[in-house]
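K.L.:
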Amino acid sequence: MSSRLQELQSEFGLVERRLGDPEALADGREYGRLTRRHRELLPLVTLLRERDDLQVDLSGARELLSDSDMKEMAVGEVQTIQTRLAEIEAELEVLLLPTDPDDAKDVILELRAGAGGAEAGLFVTDLLRMYTRYAEGLNLKVNVMDANESDLGGASKVVAEVTGDSAFRAFKWERGVHRVQRVPATESAGRIHTSTVTVAVLPEVEQDEIHLDLSEVRIDVYRSQGAGGQGVNTTDSAVRAVYRAGTPDEIMVVCQDGRSQIKNREKALVVLASRLAERERAARDEVERSERASQVGSGDRSEKIRTYNYPQNRVTDHRLEGDDKNHPLDSVINGALVPVVAGLARAEKERQLLEMAGQDEGQSGQYGAA
Numbered sequence: 001m002s003s004r005l006q007e008l009q010s011e012f013g014l015v016e017r018r019l020g021d022p023e024a025l026a027d028g029r030e031y032g033r034l035t036r037r038h039r040e041l042l043p044l045v046t047l048l049r050e051r052d053d054l055q056v057d058l059s060g061a062r063e064l065l066s067d068s069d070m071k072e073m074a075v076g077e078v079q080t081i082q083t084r085l086a087e088i089e090a091e092l093e094v095l096l097l098p099t100d101p102d103d104a105k106d107v108i109l110e111l112r113a114g115a116g117g118a119e120a121g122l123f124v125t126d127l128l129r130m131y132t133r134y135a136e137g138l139n140l141k142v143n144v145m146d147a148n149e150s151d152l153g154g155a156s157k158v159v160a161e162v163t164g165d166s167a168f169r170a171f172k173w174e175r176g177v178h179r180v181q182r183v184p185a186t187e188s189a190g191r192i193h194t195s196t197v198t199v200a201v202l203p204e205v206e207q208d209e210i211h212l213d214l215s216e217v218r219i220d221v222y223r224s225q226g227a228g229g230q231g232v233n234t235t236d237s238a239v240r241a242v243y244r245a246g247t248p249d250e251i252m253v254v255c256q257d258g259r260s261q262i263k264n265r266e267k268a269l270v271v272l273a274s275r276l277a278e279r280e281r282a283a284r285d286e287v288e289r290s291e292r293a294s295q296v297g298s299g300d301r302s303e304k305i306r307t308y309n310y311p312q313n314r315v316t317d318h319r320l321e322g323d324d325k326n327h328p329l330d331s332v333i334n335g336a337l338v339p340v341v342a343g344l345a346r347a348e349k350e351r352q353l354l355e356m357a358g359q360d361e362g363q364s365g366q367y368g369a370a
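Read in order, the letters of the sequence shown correspond to residues 1 to 370 in UniProt numbering.
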């Protein structure tokens, strides 16, 4: 672990020097990458500096153990420092766990009504509102790019972009099937219905991160539909990008969130590139479920990551256990997702630590047998 820590500490120093470089300051993308990396490394470097200071203090406290007048105080100080050093080692171990390289990226969020008909469409809009409020609390911005709205106020599909600091890290736990149990407004007998919405969370990629042959992309422009003002509905600003139209590889993306055809075209190509990147990740590793297959599934009621039970005012995340599993629905549906996400992130760290411990045991057993 010590060699890895030294590497990261050296990288932190290099990043700090680069942040003062006029060339980096002039390159917005490079400067953004450097500031994100600085922010990622700062907690680790802060702990390392505290550890170094404590080790100096520990050496001084141990010297006082031989002084009869100071021994009692020195014993207590040694114990306090050793306890904190042990805590720091544990915290450093967690910080060294593998991180998701996509965490810092913006997000393409796709919500689709699954089982349940019109009620599922209504829950799409409920989830969109929940995610918008959650994002606002994290200083993230949600921008709806495309929506197929229904007459009842719901939507069969919504595609939105989430932008801001570490948007993917905040939303990646939401991918999967969300099940809702409640009495629909259209149910006269008061019976509880079960419906589902599938949520996909795609890390947004730049077009230069994946090869996108524009000769294989058909661009259609047409008049935007739905809300957005007179200008939106009277100009051919909406863009539909179709990749390999008419083939099994076809991917269709629609963007009609603004009046500018050029901006809508750029956004549509970004979403298309993100979907292609996801398809390539799935093809590279079929053992680990593909992003779309694992996060979306078929929309069947049994494929669920979370249940929103309105009669019992309870949200249950089925990936968690114990006290972390259940949360008050009235808080969560209004955007209070932070406790749920924190529980999922904590469980993932625990899983990684267990895997690391298992690998260490396997290696020690292997060495012992030799």
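No residue lacks a Cβ here, since even glycine has one placed at the ideal position from N, Cα and C.
Quantities reported herein were computed from a predicted structural model and do not represent experimental measurements.
For Ser237, count the other beta carbons within 10 Å of its own beta carbon; 16 or more makes it buried, fewer makes it exposed. Which is it?
P.N.:
buried
K.L.:
Taking buried to mean at least 16 other C-beta atoms within 10 Å of its own C-beta, is Leu329 buried or exposed?
P.N.:
Per the 10 Å Cβ criterion, buried.
K.L.:
Using DSSP's beta-bridge definition, name the partner residues of Tyr131.
P.N.:
The beta-bridge partner set that DSSP reports for Tyr131 is empty.
K.L.:
Determine the contact status of Ala113 and Val142, defining contact as a CB-CB distance below 8 angstroms.
P.N.:
no
K.L.:
Answer with buried or exposed for Ala283, where buried requires no fewer than 16 other C-beta atoms within 10 angstroms of its C-beta.
P.N.:
exposed
K.L.:
Taking buried to mean at least 16 other C-beta atoms within 10 Å of its own C-beta, is Asn139 buried or exposed?
P.N.:
exposed
K.L.:
What would DSSP say about Arg259, mapped onto helix, strand or coil?
P.N.:
coil
K.L.:
Which whole runs of the beta strand (DSSP E) in the stretch 109 to 166 are 3 residues long or more, in chain order?
P.N.:
141 to 149 and 155 to 163
K.L.:
Nearest CA to the CA of Ala118: which residue from Gly153, Gly322, Leu48 and Leu19?
P.N.:
Taking only the C-alpha atoms, the option nearest Ala118 is Gly153.
K.L.:
Quick check: Leu92 and Leu44, are their CB atoms within less than 8 angstroms of each other?
P.N.:
yes
K.L.:
Nearest CA to the CA of Met356: which residue from Pro98, Leu212 and Gly343?
P.N.:
Pro98
K.L.:
Given that a residue counts as buried once 16 or more other Cβ atoms are within 10 Å of its Cβ, and exposed if not, what is Leu202?
P.N.:
buried
K.L.:
Check the C-beta distance from Ala167 over to Asp106 and give it rounded, since I have them as a contact under 8 angstroms.
P.N.:
5 angstroms
K.L.:
Do Ala245 and Arg281 have their C-beta atoms closer together than 8 angstroms?
P.N.:
no
K.L.:
Asp53 by DSSP, collapsed to three states: which one?
P.N.:
helix
K.L.:
Quick check on the DSSP output: the alpha helix (DSSP H) that includes Leu14 runs from which residue to which?
P.N.:
Counting along the chain, the alpha helix (DSSP H) containing Leu14 begins and ends at Ser2 to Leu19.
K.L.:
Could you please give me the residues that DSSP links to Leu202 through a beta bridge?
P.N.:
Ile108
K.L.:
Inspect the beta-carbon positions of Leu5 and Leu65 and report whether they are closer than 8 angstroms.
P.N.:
No, they are not a contact pair.
K.L.:
At what residues does the alpha helix (DSSP H) containing Pro311 begin and finish?
P.N.:
Unbroken run through Pro311: none, as it is neither H nor E.
K.L.:
Around the Cβ of Tyr243, are there at least 16 other Cβ atoms within 10 angstroms (buried) or fewer (exposed)?
P.N.:
buried
K.L.:
Would you mind sorting Gln256 into buried or exposed? The rule is 16 or more other CB atoms within 10 Å of its CB.
P.N.:
buried
K.L.:
Per DSSP, what are the beta-bridge partners of Pro328 in this structure?
P.N.:
BP columns for Pro328 point to Arg314.
K.L.:
Where Thr321 and Thr196 are concerned, what is the direct C-alpha to C-alpha distance, given to the nearest angstrom?
P.N.:
The sequence given here has Glu at residue 321, not Thr. The straight-line gap from Cα to Cα measures roughly 22 angstroms.
K.L.:
Drop a sphere of 10 angstroms on the beta-carbon of Glu211, count the other beta-carbons inside from all chains shown, and report buried for 16 or more, exposed for fewer.
P.N.:
First, the amino acid is wrong: residue 211 is His here, not Glu. Exposed, since its Cβ has fewer than 16 Cβ neighbours within 10 Å.
K.L.:
Leaving out the 5 sequence neighbours to the left and right, which residues in its chain are closer than 6 angstroms to Asp220 when beta-carbon positions are compared?
P.N.:
Arg240
K.L.:
Who pairs with Tyr222 in a beta bridge, going by DSSP?
P.N.:
Ala238
K.L.:
Ends of the alpha helix (DSSP H) at Gly76?
P.N.:
Segment Lys71 to Leu95, the alpha helix (DSSP H) holding Gly76.
K.L.:
Give the range of the alpha helix (DSSP H) segment to which Glu321 is assigned.
P.N.:
Segment: none, Glu321 is in no alpha helix (DSSP H) and carries neither H nor E.
K.L.:
Do you know offhand how far Lys157's Cα is from Glu30's?
P.N.:
Lys157 and Glu30 have their C-alpha atoms roughly 35 angstroms apart.
K.L.:
What three-state label does DSSP hand Arg179 in the structure shown?
P.N.:
strand
K.L.:
In the DSSP assignment, what residue or residues form a beta bridge with Ile192?
P.N.:
Residue pairing of Ile192 in beta bridges, as defined by DSSP: absent, with no partner found.
K.L.:
Does the structure place the stretch 127 to 137 close enough to the stretch 332 to 339 that three or more beta carbon pairs sit under 8 angstroms?
P.N.:
yes
K.L.:
Can you give me the Cβ contacts of Gln230 inside the same chain, cut-off strictly under 7 angstroms, excluding the 5 residues immediately before and after it?
P.N.:
With a pLDDT of 41 at Gln230, under the threshold of 50, the modelled position of this residue cannot be trusted; read the value that follows with caution. Within the same chain, and ignoring the five residues on either side of Gln230 in sequence, no residue has its Cβ closer than 7 angstroms to its Cβ.
K.L.:
Ala24 lies in the alpha helix (DSSP H); which residues open and close that run?
P.N.:
Pro22 to Ala26
K.L.:
Go ahead and label Arg223 buried or exposed: buried means 16 or more other beta carbons lie within 10 angstroms of its beta carbon, across all protein chains shown.
P.N.:
exposed
K.L.:
Determine the DSSP secondary structure at Arg33, reduced to helix, strand or coil.
P.N.:
helix
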